[in-house]
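Engineer:
In the numbering used here, the protein residues as written are 16 to 581.
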């Protein structure tokens, strides 16, 4: 992970679907409202003047202290005097952010030699796990992060490898999980266990991704060093997407890396997208293609702070941006510089949101002391996130994917109210947007003012027979919508779009099928047949129950998938 490593418009529509309240609220504030925000703080940063007290503690849920090492099978501080002082100052950050978790990271590029031995047997795994717990308790820390670079193969010279590392890594994590949980029961707290993992197929083939994901709290994706000084030609450190103009050798991108993990069955919410606060400068590069994909004489890493102070404002360097890769680069003085700027970092954070990941993170915090890149990612990641949408709720993925496109309504600046009820006016507005917001005249309903955000939507829905008014000339836009009413509304819209295949399911298997009103019976049979609506946990239909906002997000997402298949 560090220093030098050589290992190798549906979303928008979904947002519209979930825009089921009137005014748009601003983004939630605070890391707890927006998933995980993880930053690595390197042990050497303090000696360079970036001491722990300068960290933006308020912007993180977790700070990992890098790195501890493995010594004689036990977790140990690399430099007890230096690390002890740093850890003491990190603990003091809790005064600024009581929710901040402080985690000890072990390994990294330079200190992964002992992992294979520590994982090799049941006895060695127990010894290692106990030593980790002891180290946490000694320094008042909240968890352990393993950065094994790498199991089975790869890594720095001297790293021990075994073919059994693949299975032993899982066993080591399970032993550590058990030890942390035991201590947690004694202390009345929950200790964190995380890992840092590469984003290439070689790494994924060297571990058991699903078993690892089931054991840890999250996986920090090292979505950088996709190219670097180990390559034969200058290339991008962390391209968001793989450029089509790249050389025929291996191509890699952040998006491909995320897909690789998801393709191994790892839940998106377990993944934290790691982003680089540094780049690489290649020197002795010809001007052909502005240095991109050209041979070079030497290369080294360069922090964002140095990119900004030493290169961006120098007229000798041309600022360029690759449209496919969505990353910037510089060329000048026979040098090619690959780096990330606030725009490319924001695009990475947006990708993490769009793909429903559990958070964003950074290596390494001292490289962006002014916070330019961190703030850019956080502004995107935290936008329109809500404190009352748990990361592991069954509806969270739908809410996340809707938020990713940039439009979403909450019930306050920091709440989505997933258990709140959807109203008739809100459903009308949703389907009106789906229809492309055709021009209609003002509402004729006595209780729908022309200034209401759903006014035209209600008129359209009533005229199309999707949601009709009442006998007294009212529409009652604030009336809650039940599950059977929502089913009927969606069915009517599907018929307008010629998306009713005729499939119908039986209601007889549900004990409360008799509670379904006559008008909604066929609609309920339709939503069940299409998989849009499913029974509740107690295997009932609950037709008269109110349609909750979180539940509605899921149903609407399934409904949109159906419309796309017509």
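The C-beta atom is built at its ideal place from N, Cα and C for all residues, glycine as well.
Under the three-state reduction of DSSP, which class applies to residue 67: helix, strand or coil?
Structural biologist: The answer is helix: DSSP assigns residue 67 an H, G or I state.
Engineer: Looking only at its chain, what residues have a beta carbon closer than 7 Å to the beta carbon of residue 502, apart from the 5 residues adjacent to it on each side?
Structural biologist: 535, 538, 539, 542, 548.
Engineer: With a CB to CB cut of under 7 Å and the five nearest residues on each side skipped, what residues in its chain are close to residue 349?
Structural biologist: Cβ within range, chain order: 298, 299, 300.
Engineer: In the DSSP assignment, find the beta strand (DSSP E) that holds residue 295 and state where it starts and stops.
Structural biologist: Per DSSP, residue 295 belongs to the beta strand (DSSP E) from 293 to 298.
Engineer: Have a look at 182, 179, 208 and flag the residue whose alpha-carbon is nearest the alpha-carbon of residue 193.
Structural biologist: Taking only the C-alpha atoms, the option nearest residue 193 is 208.
Engineer: How should residue 546 be labelled, buried or exposed, when 16 other C-beta atoms within 10 angstroms of its C-beta is the threshold for buried?
Structural biologist: Residue 546 comes out exposed.
Engineer: State the CB to CB distance for the pair residue 494 and residue 561, rounded to an integer number of angstroms; the pair is presumed to be in contact (CB under 8 Å).
Structural biologist: With 8 Å as the limit, residue 494 and residue 561 do not qualify as a contact, their Cβ atoms being about 10 Å apart.
Engineer: At the level of alpha carbons, what is the spacing between residue 168 and residue 176?
Structural biologist: Distance between the alpha carbons of residue 168 and residue 176: 6 Å.
Engineer: So, at 6 Å on beta carbons, what are the nonlocal neighbours of residue 576 in its own chain, with the 5 sequence-adjacent residues on each side left out?
Structural biologist: Here the set comprises nothing.
Engineer: Would you kindly work out how many angstroms separate the C-alpha atoms of residue 224 and residue 216, rounded to a whole number?
Structural biologist: Those two C-alpha atoms are separated by around 11 Å.
Engineer: Is residue 222 helix, strand or coil by DSSP?
Structural biologist: In this structure, residue 222 counts as coil in the three-state DSSP scheme.
Engineer: Could you give the distance in angstroms between the alpha-carbon of residue 328 and the alpha-carbon of residue 345?
Structural biologist: Cα-Cα distance, rounded: 11 Å.
Engineer: Quick check on the DSSP output: the beta strand (DSSP E) that includes residue 235 runs from which residue to which?
Structural biologist: Residues 233 to 237.
Engineer: At which residues does the beta strand (DSSP E) containing residue 336 begin and terminate?
Structural biologist: That run of the beta strand (DSSP E) goes 333 to 337.
Engineer: Taking all protein chains shown into account, decide if residue 409 is buried (16 or more other Cβ within 10 angstroms of its Cβ) or exposed.
Structural biologist: Looking at its Cβ environment, which holds fewer than 16 other Cβ atoms inside 10 Å, residue 409 is exposed.
Engineer: Does the region 281 to 292 come close enough to the region 381 to 397 that 3 or more CB-CB pairs lie under 8 Å?
Structural biologist: Touching, yes.
Engineer: Checking 8 Å against the spacing of the C-beta atoms, do residue 121 and residue 115 come in under that value?
Structural biologist: In this structure, residue 115 does not lie closer than 8 Å to residue 121 by Cβ.
Engineer: Please name the residue, chosen from 273, 443, 311, that lies closest to residue 244 on a Cα-to-Cα basis.
Structural biologist: Of 273, 443, 311, the residue nearest in Cα terms is 311.
Engineer: Does the count of Cβ pairs from the region 222 to 237 and the region 259 to 278 closer than 8 Å reach three?
Structural biologist: Enough Cβ pairs lie closer than 8 Å, so yes.
Engineer: Evaluate contact between the region 82 to 90 and the region 125 to 141, counting only Cβ atoms and requiring at least three cross-stretch pairs below 8 Å.
Structural biologist: Because the criterion of three Cβ pairs below 8 Å is met, the region 82 to 90 and the region 125 to 141 touch.
Engineer: Please report the Cβ distance between residue 276 and residue 388, rounded to the nearest whole angstrom; I am assuming they are in contact, meaning their Cβ atoms lie under 8 Å.
Structural biologist: About 23 Å separates the two Cβ atoms, so there is no contact after all.
Engineer: Starting from the C-beta of residue 509, find all residues in its chain whose C-beta is less than 6 Å away, skip the five residues before and the five after it, and write them out in chain order.
Structural biologist: Cβ within range, chain order: 515.
Engineer: Within the same chain, show all residues whose beta-carbon is closer than 8 Å to that of residue 527, passing over the 5 residues directly before and after it, in chain order.
Structural biologist: Same-chain partners within the cutoff: 555, 556, 557, 558.
Engineer: With contact counted as at least three CB pairs below 8 Å, one residue from each stretch, are the region 135 to 150 and the region 172 to 190 in contact?
Structural biologist: Judged by Cβ distances under 8 Å, the region 135 to 150 makes contact with the region 172 to 190, as three or more pairs qualify.
Engineer: Can you tell me whether residue 196 is buried or exposed? The criterion is at least 16 other CB atoms within 10 Å of its CB, across all chains shown.
Structural biologist: Counting Cβ neighbours within 10 Å, residue 196 comes out exposed, since fewer than 16 surround it.
Engineer: Would you report the Cα separation of residue 567 and residue 204, rounded to the nearest angstrom?
Structural biologist: Rounded to whole angstroms, residue 567 to residue 204 spans 34 Å at the Cα level.
Engineer: By the 10 Å Cβ neighbour count, where 16 or more other Cβ atoms means buried, how is residue 32 classified, buried or exposed?
Structural biologist: Unreliable placement is indicated for residue 32, whose pLDDT of 38 sits below 50; no coordinate value is reported for it.
Engineer: Consult DSSP for residue 153 and reduce its assignment to one of helix, strand or coil.
Structural biologist: Three-state DSSP puts residue 153 in a helix.
Engineer: Once the 5 residues before and after residue 47 are set aside, which same chain residues still bring their CB inside 6 Å of it?
Structural biologist: With a pLDDT of 37 at residue 47, under the threshold of 50, the modelled position of that residue is not reliable, and no figure is offered here.
Engineer: So residue 480 and residue 507 are supposed to be a Cβ contact under 8 Å. How far apart are they, rounded?
Structural biologist: Indeed they touch by this definition, with Cβ atoms about 6 Å apart.
Engineer: What's the C-alpha gap between residue 119 and residue 74?
Structural biologist: C-alpha separation (whole angstroms): 19 Å.
Engineer: Look at the Cβ atom of residue 469, then the Cβ atom of residue 444, and state whether they are nearer than 8 Å.
Structural biologist: Going by C-beta atoms, residue 469 is nearer than 8 Å to residue 444.
Engineer: With residue 359 as the anchor, note down where its alpha helix (DSSP H) starts and where it stops.
Structural biologist: Note, residue 359: alpha helix (DSSP H), 357 to 369.
Engineer: So what does residue 475 bridge to, in DSSP terms?
Structural biologist: Bridge partners of residue 475: none, in fact.
Engineer: Who pairs with residue 125 in a beta bridge, going by DSSP?
Structural biologist: Residue 125 is not bridged to any residue.
Engineer: Would residue 162 and residue 134 qualify as a contact pair, given that the criterion is a beta-carbon distance under 8 Å?
Structural biologist: It is not a contact, given that the beta carbons lie outside the stated cut-off.
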